[in-house]
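Engineer: What follows is a single structure, and I will ask about it in a moment.
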Amino acid sequence: MGTFQIDFGEERKSTIVGIDLGTTNSLVAYMDLTSPRIVEDADGQKIVPSVVSLDEYETLIAGEQAREMLMTHPERSIYSVKRLMGRGVADVQEELKLFPFRIAEDSDAVIKVKLGSRTFTPPEISAVVLRQLKANAEIALQQPVTEAVITVPAYFNDAQRQATKDAGRLAGLDVLRLVNEPTAASLAYGLDKRKEGVIAVYDFGGGTFDISILRLHDGIFEVLATHGDTHLGGDDIDNLLLRIALEDLQTEWGEDLSTDSEGVQRLRRAVIDAKQELSFVPTAAIQLTYRGKTYQRQIDRALFERLIAPVVERTLEPCRACLADAHLTPEQIDEVVLVGGSTRIPLVRAAVERLFKAKPHTDLNPDEVVALGAAVQAGILSGDVEDKLLLDVTPLSLGIETMGGVVSKLIHRNSTIPASATESFTTAVDGQRNVLIHVVQGEREMVRDCRSLARFELKDIQPMPAGLARIEVRFLIDANGILNVTARDARTGQEQTVEVKPSYGLNEEQVEAMIRESFERAEEDMRERQVREARVEADNILAATEKAQRNEAWQALSPEERNDIEAAKLKLQSVYHGNDHRAINEQIEALNKATMALAENMMNTAVRGALKGTKVE
Amino acid sequence: MPSLPKNYFAFFGLDPKLVVDGDVLQKRFYELSRQWHPDRFSRKGADEQAQALEATSILNDGYRTLKDPVKRAEYLLTEEGFPIGEQRSKDVPPELLEEVFELNMALEELKSGDESARPQLEEAKRNFVDLQTEIDRELDALFRKYDASESRSETAKQALHEVRGALNRRRYIQNLIRDVDKALSPALAATESIEDRL
Numbered sequence: 001m002g003t004f005q006i007d008f009g010e011e012r013k014s015t016i017v018g019i020d021l022g023t024t025n026s027l028v029a030y031m032d033l034t035s036p037r038i039v040e041d042a043d044g045q046k047i048v049p050s051v052v053s054l055d056e057y058e059t060l061i062a063g064e065q066a067r068e069m070l071m072t073h074p075e076r077s078i079y080s081v082k083r084l085m086g087r088g089v090a091d092v093q094e095e096l097k098l099f100p101f102r103i104a105e106d107s108d109a110v111i112k113v114k115l116g117s118r119t120f121t122p123p124e125i126s127a128v129v130l131r132q133l134k135a136n137a138e139i140a141l142q143q144p145v146t147e148a149v150i151t152v153p154a155y156f157n158d159a160q161r162q163a164t165k166d167a168g169r170l171a172g173l174d175v176l177r178l179v180n181e182p183t184a185a186s187l188a189y190g191l192d193k194r195k196e197g198v199i200a201v202y203d204f205g206g207g208t209f210d211i212s213i214l215r216l217h218d219g220i221f222e223v224l225a226t227h228g229d230t231h232l233g234g235d236d237i238d239n240l241l242l243r244i245a246l247e248d249l250q251t252e253w254g255e256d257l258s259t260d261s262e263g264v265q266r267l268r269r270a271v272i273d274a275k276q277e278l279s280f281v282p283t284a285a286i287q288l289t290y291r292g293k294t295y296q297r298q299i300d301r302a303l304f305e306r307l308i309a310p311v312v313e314r315t316l317e318p319c320r321a322c323l324a325d326a327h328l329t330p331e332q333i334d335e336v337v338l339v340g341g342s343t344r345i346p347l348v349r350a351a352v353e354r355l356f357k358a359k360p361h362t363d364l365n366p367d368e369v370v371a372l373g374a375a376v377q378a379g380i381l382s383g384d385v386e387d388k389l390l391l392d393v394t395p396l397s398l399g400i401e402t403m404g405g406v407v408s409k410l411i412h413r414n415s416t417i418p419a420s421a422t423e424s425f426t427t428a429v430d431g432q433r434n435v436l437i438h439v440v441q442g443e444r445e446m447v448r449d450c451r452s453l454a455r456f457e458l459k460d461i462q463p464m465p466a467g468l469a470r471i472e473v474r475f476l477i478d479a480n481g482i483l484n485v486t487a488r489d490a491r492t493g494q495e496q497t498v499e500v501k502p503s504y505g506l507n508e509e510q511v512e513a514m515i516r517e518s519f520e521r522a523e524e525d526m527r528e529r530q531v532r533e534a535r536v537e538a539d540n541i542l543a544a545t546e547k548a549q550r551n552e553a554w555q556a557l558s559p560e561e562r563n564d565i566e567a568a569k570l571k572l573q574s575v576y577h578g579n580d581h582r583a584i585n586e587q588i589e590a591l592n593k594a595t596m597a598l599a600e601n602m603m604n605t606a607v608r609g610a611l612k613g614t615k616v617e
Numbered sequence: 618m619p620s621l622p623k624n625y626f627a628f629f630g631l632d633p634k635l636v637v638d639g640d641v642l643q644k645r646f647y648e649l650s651r652q653w654h655p656d657r658f659s660r661k662g663a664d665e666q667a668q669a670l671e672a673t674s675i676l677n678d679g680y681r682t683l684k685d686p687v688k689r690a691e692y693l694l695t696e697e698g699f700p701i702g703e704q705r706s707k708d709v710p711p712e713l714l715e716e717v718f719e720l721n722m723a724l725e726e727l728k729s730g731d732e733s734a735r736p737q738l739e740e741a742k743r744n745f746v747d748l749q750t751e752i753d754r755e756l757d758a759l760f761r762k763y764d765a766s767e768s769r770s771e772t773a774k775q776a777l778h779e780v781r782g783a784l785n786r787r788r789y790i791q792n793l794i795r796d797v798d799k800a801l802s803p804a805l806a807a808t809e810s811i812e813d814r815l
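Taken in order, these protein sequences are the chains called A and B. The numbering of the first sequence is the working numbering, which starts it at 1 and goes up by one. The numbering of the second sequence is the working numbering, which starts it at 618 and goes up by one.
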């Protein structure tokens with residue numbers, strides 16, 4: 001079929017999408033002319049649950065289907081994987097007590113989780129969610145989507161950001177920018193309508209908490225300070241309720257459901273339902289029917305609030321620290337914006353109102369506001385949105401290890417990014433060729449209390465007496481909050497080789513190997529699907545043929561015609577179990593041709609029958 | 618591509634002075650951000666992107682330095698060949714010797730659990746804060762003296778020399794205040810960390 005190509009003179013760039021890759025739920029949005037719009041899937045659903053499962057065909061699936069599988073096949077499913085992004089096994093011991101992550105034995109600096117009999121890294125799991133969002137966006141936009149802005153918690157460290165970027169690459173997305181979630185939310189609120197002012201964004205999501213304070217000035221959104229806790233969210237509230245329910249079941253049913261992963265998943269669902277209801281009604285019930293037994297427990301809001309008060313209190317400390325860092329008092333905050341599903345809880349709203357002495361904005365859906373903001377940022381990058389600009393900061397100080405395990409800070413937290421620092425290094429022994437620099441992130445004085453980020457090895461230094469070499473190393477945090485290190489010989493001006501060994505997360509080769517593998521996998525998956533589809537079609541035509549053979553039309557065929565059909569059927573059956581969809585399709589086609597006369601006969605019989613049955617009155 | 622000015626004052630289009638109008642600085646910062654931020658270059662070539670990244674890092678580092686009077690003065694001193702690196706807070710200013718000695722005694726007492734040292738420490742802190750305010754006034758006058766003098770003249774050099782002395786005293790006192798704060802409320806000090814020491 002011929003196609004027309006219209007030359008627009010200038011290459012028409014495809015849409016950049018904005019993605020909120022959440023702990024519990026994810027969304028994708030885009031700029032529709034002048035306002036951001038959330039993508040809906042074929043069923044009109046905006047939210048894609050951040051759940052991933054390995055289905056019966058060994059294919060990874062995400063979203064609602066995976067959430068269903070989480071109930072029926074918890075051992076092949078995973079949720080809240082964001083909690084594992086960019087982290088090592090030692091970091092997540094606390095989480096493991098509360099979350100049913102199945103960690104593979106060979107995990108160390110990069111965690112691997114087991115789904116069925118296979119293992120995956122957190123970026124690979126997140127990539128499945130991203131791929132689903134990408135596919136939804138492609139259907140909605142009717143064009144391929146290859147570029148994205150992805151949001152991350154403001155308090156994410158370098159490794160967590162890098163892992164998110166890796167996930168994007170694995171999903172076939174060029175991640176043009178990582179944007180901090182609270183900052184993105186402020187863009188969506190259109191708060192720039194007020195030209196000047198200071199706003200606080202309180203972002204309490206499924207697994208993370210962030211607070212950011214921004215100054216608005218004529219379309220510029222300047223982040224003054226940010227603080228947070230990457231392990232504090234609605235999940236923690238769920239766990240409190242879950243514990244109560246599990247204790248109840250121990251007494252009422254006399255069994256420990258916590259070891260039954262399917263049971264726990266169903267109970268967790270019930271707990272979440274009750275929690276969500278409690279934001280709107282004064283009392284709700286946790287209800288579970290499982291294996292013929294029924295459990296019901298009434299929870300009123302007073303009890304709920306007593307229970308979760310410590311969790312809510314934990315969000316206020318970062319808020320106070322953030323105010324102090326911004327050199328502001330609560331009275332100086334003009335507006336407060338709430339983001340994240342957990343901010344629907346009345347106790348949370350009350351606490352925020354009390355602290356900031358201002359009634360928080362709640363006019364936008366707290367589940368959607370981050371994705372909407374990500375779409376606005378995508379519009380800024382594409383040039384469609386010209387009047388807005390985000391100036392964000394790095395949430396954690398960056399330093400290097402010096403003598404005695406003491407940290408020397410190079411870039412302080414809350415510095416506007418991109419930010420840089422240059423340090424000179426020299427050799428300690430004669431003829432030394434390599435220098436190792438240990439970079440950490442965090443606010444504490446000792447290396448052991450900070451987060452190891454990476455070891456950078458300066459290589460191929462000119463051999464010379466100790467202390468004579470002078471290597472200038474530049475540490476640059478880019479607009480994504482990710483560190484880049486370059487080095488040069490200060491005397492010759494020559495670029496110096498720097499080898500990066502990330503302390504957590506994947507290195508470049510691993511990511512590339514995964515991308516290659518995922519392409520191969522995708523081809524394999526595609527082949528499998530084509531074979532499955534061809535077999536379904538073969539089943540249909542074989543069944544139809546057999547049915548037709550019982551029809552009087554069969555008898556009307558010549559013996560040769562009948563022989564041809566039988567032969568074609570046999571040939572199709574012989575290739576049916578093979579793995580070549582083309583061979584199956586060929587034989588389907590052949591059988592189709594052979595049965596042409598039969599079909600015609602049947603049609604005529606049918607018409608005759610229809611005419612016979614028609615009464616003319 | 619034209620090369621970017623590395624000097625912060627030059628990048629902001631300002632004269633290298635010790636007194637800077639904060640509003641002017643902020644306005645220039647926003648204008649230059651609109652011009653250079655990497656968000657404006659995401660669909661440009663690699664060279665242009667690299668230059669935008671370079672420009673914004675100079676811009677942001679410069680804004681951080683120039684908006685803070687102390688950092689600004691330290692930066693200008695270094696650029697004018699008055700490095701402040703080595704003799705940071707080592708030497709006790711002679712006029713403070715006696716007070717520092719008594720302060721250290723009181724700090725030791727409180728650390729060993731002697732709460733009676735608390736009022737003395739609070740008193741000492743007030744003194745040091747007053748002293749710091751006084752140095753700030755002195756610095757302000759020195760800033761103006763430098764700005765009024767001809768660039769690189771003897772008067773200018775003399776002014777920078779005095780600025781350096783005042784900055785060192787200021788830093789020394791600031792550290793003392795921090796030590797006292799730490800002793801008076803250990804919990805607070807833990808969150809403050811080493812922020813101000815560097």
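C-beta atoms are modelled at their ideal positions from N, C-alpha and C, and glycine is treated no differently.
Can you tell which of A:Y189, A:Y202, A:I213 and A:I482 has the C-alpha that lies nearest to the C-alpha of D325 (chain A)?
Structural biologist: Numbered from 1 along the first sequence, position 325 holds the residue referred to as residue 325 (chain A). Ranking A:Y189, A:Y202, A:I213 and A:I482 by Cα distance to D325 (chain A) puts A:I213 first.
Engineer: Which residues of chain B have a Cβ atom closer than 9 Å to the Cβ of S382 (chain A), listed in chain order?
Structural biologist: If you number the first sequence from 1, residue 382 (chain A) lands on position 382. Result: S659 and R660.
Engineer: Buried or exposed: F519 (chain A), going by 16 or more other Cβ atoms within 10 Å of its Cβ?
Structural biologist: Taking the first sequence and counting its residues from 1, one reaches residue 519 (chain A) at position 519. F519 (chain A) should be labelled exposed.
Engineer: Can you give me the Cβ contacts of T208 (chain A) inside the same chain, cut-off strictly under 6 Å, excluding the 5 residues immediately before and after it?
Structural biologist: Residue 208 (chain A) sits at position 208 when you count from the first residue of the first sequence. Hits under 6 Å: P153, T230 and G233.
Engineer: Any beta carbon from chain B within less than 8 Å of I482 (chain A)'s own beta carbon?
Structural biologist: Position 482 of the first sequence, counted from the start, is the residue given in the question as residue 482 (chain A). So, not an interface residue.
Engineer: With DSSP as the reference, label Q143 (chain A) as helix, strand or coil.
Structural biologist: As a first step, residue 143 (chain A) is located in the first sequence; it is residue number 143 there, counting from the start. Coil, per DSSP.
Engineer: So, are the CB atoms of A568 (chain A) and V575 (chain A) less than 8 Å apart?
Structural biologist: What you label residue 568 (chain A) is simply residue 568 of the first sequence in a count that begins at 1. What you label residue 575 (chain A) is simply residue 575 of the first sequence in a count that begins at 1. Cβ distance not < 8 Å, so A568 (chain A) and V575 (chain A) don't count as in contact.
Engineer: Exposed or buried, what is Y625 (chain B) when buried is set at 16 or more other beta-carbons lying within 10 Å of its beta-carbon?
Structural biologist: For this step, residue 625 (chain B) is matched to residue 8 along the second sequence. Result: buried.
Engineer: Would you identify the three-state DSSP class for R349 (chain A), choosing helix, strand or coil?
Structural biologist: Translated into the one-based positions of the first sequence, residue 349 (chain A) becomes position 349. Taken through DSSP and simplified to helix, strand or coil, R349 (chain A) comes out as helix.
Engineer: Please return the same chain residues whose Cβ sits closer than 8 Å to the Cβ of I794 (chain B), not counting the five positions on each side in sequence.
Structural biologist: Position 177 of the second sequence, counted from the start, is the residue given in the question as residue 794 (chain B). Once the five neighbours on either side are set aside, the close Cβ partners of I794 (chain B) are K742, F745, V746 and Q749.
Engineer: For Y789 (chain B), count the other beta carbons within 10 Å of its own beta carbon; 16 or more makes it buried, fewer makes it exposed. Which is it?
Structural biologist: As a working mapping, residue 789 (chain B) is identified with position 172 in the second sequence. Under this definition Y789 (chain B) is a buried residue.
Engineer: Going by the beta-carbon positions, is the gap between G405 (chain A) and M446 (chain A) smaller than 8 Å?
Structural biologist: As a first step, residue 405 (chain A) must be located in the first sequence, where it is residue number 405. As a first step, residue 446 (chain A) must be located in the first sequence, where it is residue number 446. Contact: yes.
Engineer: Mark Y763 (chain B) as exposed unless 16 or more other C-beta atoms lie within 10 angstroms of its C-beta, in which case mark it buried.
Structural biologist: Taking the second sequence and counting its residues from 1, one reaches residue 763 (chain B) at position 146. Buried, by the Cβ-count rule.
Engineer: Where do the ends of the alpha helix (DSSP H) carrying N585 (chain A) lie?
Structural biologist: The count along the first sequence starts at 1 and reaches residue 585 (chain A) at position 585. From DSSP, the alpha helix (DSSP H) with N585 (chain A) extends over H581 to A594.
Engineer: Taking Cβ positions, are V48 (chain A) and L27 (chain A) nearer each other than 8 Å?
Structural biologist: To locate residue 48 (chain A), count along the first sequence from 1; it is residue 48. To locate residue 27 (chain A), count along the first sequence from 1; it is residue 27. In this structure, L27 (chain A) lies closer than 8 Å to V48 (chain A) by Cβ.
Engineer: For N721 (chain B), which residues in chain A fall below 8 Å Cβ to Cβ?
Structural biologist: Along the second sequence, one-based indexing puts residue 721 (chain B) at 104. By Cβ distance, chain A contributes nothing, its closest Cβ being about 21 Å from N721 (chain B), past 8 Å.
Engineer: Would you mind reading off the limits of the alpha helix (DSSP H) that contains E566 (chain A)?
Structural biologist: Within the first sequence, numbered from 1, the residue matching residue 566 (chain A) stands at position 566. Its alpha helix (DSSP H) spans residues P559 to Y576.
Engineer: Taking 6 Å as the limit between beta carbons, can you name the residues of its chain near T343 (chain A), skipping five residues before and five after?
Structural biologist: Here the question's residue 343 (chain A) lines up with position 343 in the first sequence. So the qualifying residues of the chain are F204 and P366.
Engineer: Mind checking whether D430 (chain A) and A374 (chain A) have CB atoms under 8 Å apart?
Structural biologist: What you label residue 430 (chain A) is simply residue 430 of the first sequence in a count that begins at 1. What you label residue 374 (chain A) is simply residue 374 of the first sequence in a count that begins at 1. Contact: no.
Engineer: Can you tell which of A:W554, A:A378 and A:V407 has its C-alpha closest to the C-alpha of D174 (chain A)?
Structural biologist: Along the first sequence, one-based indexing puts residue 174 (chain A) at 174. Residue A:A378 is the option with its Cα nearest to D174 (chain A).
Engineer: For the stretch 211 to 235 of chain A, which residues have a beta carbon sitting closer than 7 Å to at least one beta carbon of chain B?
Structural biologist: So the close ones are H217 and I220.
Engineer: For S258 (chain A) and K275 (chain A), I'd like the C-alpha separation in whole angstroms.
Structural biologist: For the purposes of this step, residue 258 (chain A) is identified with residue 258 of the first sequence, where counting begins at 1. For the purposes of this step, residue 275 (chain A) is identified with residue 275 of the first sequence, where counting begins at 1. Cα to Cα, the separation comes out at about 19 Å.
Engineer: Can you round the beta-carbon distance between C623 (chain A) and V407 (chain A) to whole angstroms, since I take them to be within the 8 Å contact cut?
Structural biologist: Because chain A spans 1 through 617 in this model, residue 623 (chain A) falls outside it and cannot be assessed.
Engineer: E222 (chain A) lies in the beta strand (DSSP E); which residues open and close that run?
Structural biologist: Here residue 222 (chain A) refers to the residue found at position 222 of the first sequence. Looking at the DSSP string, the run of the beta strand (DSSP E) that includes E222 (chain A) is I220 to D229.
Engineer: Closer than 7 Å by beta-carbon distance: list the chain B residues that pair up with P74 (chain A), in chain order.
Structural biologist: The count along the first sequence starts at 1 and reaches residue 74 (chain A) at position 74. Neighbours of P74 (chain A) in chain B, taken as residues whose beta carbon is under 7 Å from its own, are absent, since the nearest beta carbon is some 40 Å off.
Engineer: For M69 (chain A), collect the residues of the same chain with a Cβ closer than 6 Å to its Cβ; drop the 5 residues on either side in sequence, then sort them by chain order.
Structural biologist: By 1-based counting over the first sequence, the position of residue 69 (chain A) is 69. Answer for M69 (chain A): S53 and S77, listed in chain order.
Engineer: Take K82 (chain A) as the anchor and find which of A:A127, A:P282 and A:L323 has the nearest alpha-carbon.
Structural biologist: Position 82 of the first sequence, counted from the first residue, corresponds to residue 82 (chain A). Minimum Cα distance to K82 (chain A) is reached at A:A127.
Engineer: Using 8 Å for Cβ pairs, my map puts G88 (chain A) next to L130 (chain A). What's the rounded Cβ distance?
Structural biologist: One-based indexing of the first sequence puts residue 88 (chain A) at position 88. One-based indexing of the first sequence puts residue 130 (chain A) at position 130. Not confirmed; about 23 Å, so no contact.
Engineer: Label F628 (chain B) either buried or exposed according to how many other C-beta atoms from any shown protein chain fall within 10 Å of its C-beta, with 16 as the threshold for buried.
Structural biologist: Residue mapping note: residue 628 (chain B) aligns to position 11 of the second sequence, counting from 1. Per the 10 Å Cβ criterion, buried.
Engineer: What is the rounded straight-line gap between the Cα of M514 (chain A) and the Cα of R444 (chain A)?
Structural biologist: Reading the first sequence from its first residue, position 514 is the one you call residue 514 (chain A). Reading the first sequence from its first residue, position 444 is the one you call residue 444 (chain A). Answer to the nearest angstrom: the Cα atoms are 35 Å apart.
Engineer: With distances taken from CA atoms, which of A:I482, A:P418 and A:I461 is nearest V439 (chain A)?
Structural biologist: Counting from 1 along the first sequence, the entry for residue 439 (chain A) is found at position 439. Measuring from the Cα of V439 (chain A), the nearest candidate turns out to be A:I482.
Engineer: Counting C-beta neighbours from all protein chains within 10 Å, is the total for Q160 (chain A) 16 or more, i.e. buried, or is it exposed?
Structural biologist: The count along the first sequence starts at 1 and reaches residue 160 (chain A) at position 160. In this structure Q160 (chain A) is buried. Its beta-carbon is surrounded by 16 or more other beta-carbon atoms within 10 angstroms.
Engineer: Taking the straight line between their C-alpha atoms, what separation do you get for E10 (chain A) and P144 (chain A)?
Structural biologist: The count along the first sequence starts at 1 and reaches residue 10 (chain A) at position 10. The count along the first sequence starts at 1 and reaches residue 144 (chain A) at position 144. Low confidence applies here, because E10 (chain A) scores a pLDDT of 44, under 50, leaving its location unreliable and the question unanswered by this model.
Engineer: Whose C-alpha, out of A:V348, A:R297, A:L338 and A:T329, is nearest the C-alpha of A313 (chain A)?
Structural biologist: Taking the first residue of the first sequence as position 1, residue 313 (chain A) is located at position 313. According to the sequence as given, residue 313 (chain A) is Glu; it is not Ala. If we check each option's Cα against that of E313 (chain A), A:V348 comes out closest.
Engineer: Give a yes or no on whether the minimum CB-CB distance between T416 (chain A) and chain B is below 8 Å.
Structural biologist: Sequence index remark: in the first sequence, residue 416 (chain A) carries index 416 (1-based). True, the Cβ-Cβ gap to chain B drops below 8 Å.
Engineer: Starting from the beta carbon of N792 (chain B), find every residue of chain A whose beta carbon is closer than 8 Å, and list them in chain order.
Structural biologist: Mapped onto the second sequence, residue 792 (chain B) falls at position 175. Near N792 (chain B) there are no residues of chain A at all, since even the closest Cβ is about 14 Å away, more than 8 Å.
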